DNA sequence: CGTCTGGTTGATTACAATCAAATGGTGTGG
DNA sequence: CCACACCATTTGATTGTAATCAACCAGACG
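Chains as they are written, first to last, in the working numbering: chain A, 800 to 1029; chain B, 800 to 1029.
Written out as structure tokens, the structure reads:
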């Protein structure tokens, strides 16, 4: 981990998609002084299951996976944080140990906001607090959707769905560059099965693959597969 | 649905396990005027996926399942609300349509707190707001655990785990009285599989069954099965 | 007393995990 | 710059778990 001298937090300020967009100029200034922006190499952990949180993280550049170790040692990816997304807030709010780990899956720069700052915003800025509330509810919603999906949707449908979501999340990047293993971890299956299905999709002309990156070329088709049982 | 003249909300007041325990006497009085306590027969829905929330529910007596329809038409039980538990808060906070349904699985009396009251408490009572925050985080935590479980833990382990959790939740009741189908829906499997595994557990003397109700007699053993892959 | 719901058991099928082996790409150090 | 090692990917064969299909039973209730 390396501290950046020149934090490039384009999302922390202006961007309306950011949680911090509701901050006043003064709050931003305070934040700027309190926070630090750090660099993580691909594969490097940001925090680990079972340690105590000391602050909040926000992706400035790169990509981070939030994972939980399954009972058989395999890792389940709960979600992927992209630039502008914050993570590590649940345990911070609960003031309890992390129940998941976070690992950079690309070279990333990640901002760190100390707990005290976070709490200050939470108590003093109604809009910020509303945003966090909403974020928590959104997280619950997508987690519950994921439960239902994993329980009852076949792997093929789950992978189709994941590709659609990733495609949207990666907009502008035009390629999905997750490892097959990470893709498998995201939908709750194993590498080999994921690969087989991806290869099917390629033959069915739903996606294109060059090198390792995947490009969705028929969203409709994937959606049909994903919703097959609706 | 029948309005009760004599609401029996032992949990709404005193009980420290209740979210409402932090309310001042005045707030309780206001709440008492605003809320209503209704009776639902076993099998009766309280709210349905896709409708708009108008308030918050709190189980006074009975048992409620919160369910989501899977893509194949099977129902996934997200959680079970027991006396003192509130439910239906996420969509209320987000001000969006319900993403899940709730159905009484026993004859139940359920309190209803109108949205305006809920919001008033949320803004005026710091302890209440803290409680809701914590509740949201707890919900996320257990949802994420459930994701990992369903993804990687065999059905046998999941049923063992569910029985332990239910046994704890039902403390004082000493019997678990879910239908086999609900138990299956809770762990994400089908009735037949659930029945087979329950019957195995019976033969292994981990549980006892009379009529339909299940009694855990060897928690240790179930835990071992549940954590088999830790 | 028949119907209905919930429970049980058996046989079969199917999906996905595991095991095994080989290939292709990447990066490093000589 | 090449050789080697390592990692991600791919494909095939096999196994195992759990879903599905089917039939039957037991108790509840009008």
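Virtual Cβ for every residue (Gly too), placed ideally from N, Cα, C. Only a predicted model underlies this, so the values are computations on that prediction, with no experimental measurement involved.
What does residue 987/B reach in chain A if we use C-beta pairs closer than 9 angstroms?
Position 188 of the second chain, counted from the start, is the residue given in the question as residue 987/B. Correct list: 946, 947, 949, 950 and 951.
Mind listing which residues of the stretch 858–872 of chain B have their C-beta closer than 7 angstroms to chain A's C-betas, in chain order?
Listed in sequence order: 867, 869, 870 and 871.
How about residue 850/A: is its C-beta nearer than 9 angstroms to some C-beta of chain B?
One-based indexing of the first chain puts residue 850/A at position 51. Chain B contact via Cβ: absent.
Please give me, in chain order, every unbroken run of the beta strand (DSSP E) with length at least 3 that falls completely inside the stretch 825–863 of chain B.
With a minimum length of 3 residues, the continuous beta strand (DSSP E) runs that stay inside the stretch 825–863 of chain B are 835–839, 844–846 and 854–860.
Under a CB-based cut-off of 9 angstroms, is residue 933/A close to chain B?
Here residue 933/A refers to the residue found at position 134 when the first chain is read from its first residue. By this cut-off, residue 933/A is an interface position.
Check the DSSP bridge columns for residue 880/B and list the partner residues they point to.
As a working mapping, residue 880/B is identified with position 81 in the second chain. According to DSSP, residue 880/B bridges with 863/B.
Residue 987/B and residue 875/B look like a contact to me (Cβ under 8 angstroms); what is the Cβ gap, rounded to whole Å?
Position 188 of the second chain holds residue 987/B. Position 76 of the second chain holds residue 875/B. Yes, they are in contact, since the Cβ atoms of residue 987/B and residue 875/B sit about 6 angstroms apart, within 8 angstroms.
Would you call the stretch 854–864 of chain A and the stretch 935–954 of chain B in contact, with 3 or more CB pairs under 8 angstroms?
Cβ pair count under 8 angstroms is below three, so no.
If we define contact as Cβ-Cβ less than 9 angstroms, is residue 821/B a contact residue for chain A?
On the second chain, position 22 is the one that residue 821/B refers to. Not an interface residue.
Kindly list, in the order they appear in chain B, the residues whose Cβ is closer than 8 angstroms to that of residue 962/A.
Within the first chain, numbered from 1, the residue matching residue 962/A stands at position 163. Simply none; closest approach about 16 angstroms.
What residues match up with residue 907/B in a beta bridge as DSSP calls it?
Counted from its first residue, the second chain places residue 907/B at position 108. Answer is 839/B, bridged to residue 907/B.
With 16 as the cutoff for other CB atoms within 10 Å, does residue 912/B come out buried or exposed?
The residue given as residue 912/B occupies position 113 in the second chain. Buried.
9 angstroms is my cut-off, CB to CB: does residue 899/B come that close to chain A?
The residue labelled residue 899/B in the question sits at position 100 within the second chain. Chain A contact via Cβ: present.
What did DSSP end up calling residue 805/B once you bin it into helix, strand or coil?
Locating residue 805/B in the second chain gives position 6, counting from the first residue. Confidence in residue 805/B is poor, its pLDDT being 49 and thus under 50, which makes the residue's placement too unreliable to answer from.
Check the Cβ of residue 875/B against every Cβ in chain A and list those closer than 8 angstroms, keeping chain order.
Numbered from 1 along the second chain, position 76 holds the residue referred to as residue 875/B. In chain order: 946, 947, 950 and 951.
Excluding five sequence neighbours on each side, which residues of the same chain lie with their C-beta closer than 7 angstroms to the C-beta of residue 803/B?
For the purposes of this step, residue 803/B is identified with residue 4 of the second chain, where counting begins at 1. Low confidence applies to residue 803/B: its pLDDT is 48, below 50, so where it sits in the model is not reliable enough to give any reading.
Among 970/B, 900/B and 955/B, which one has its Cα closest to the Cα of residue 983/B?
Along the second chain, read from residue 1 onward, the residue named residue 983/B stands at position 184. Out of 970/B, 900/B and 955/B, 955/B has the C-alpha closest to the C-alpha of residue 983/B.
Give a yes or no on whether the C-beta atoms belonging to residue 1015/B and residue 948/B are separated by under 9 angstroms.
As a position in the second chain, residue 1015/B is number 216, starting the count at 1. As a position in the second chain, residue 948/B is number 149, starting the count at 1. Not closer than 9 angstroms, so no.
Are there 16 or more other CB atoms within 10 angstroms of the CB of residue 978/B, so buried, or fewer, so exposed?
Position 179 of the second chain, counting from 1, holds the residue named residue 978/B. Exposed is the call here.
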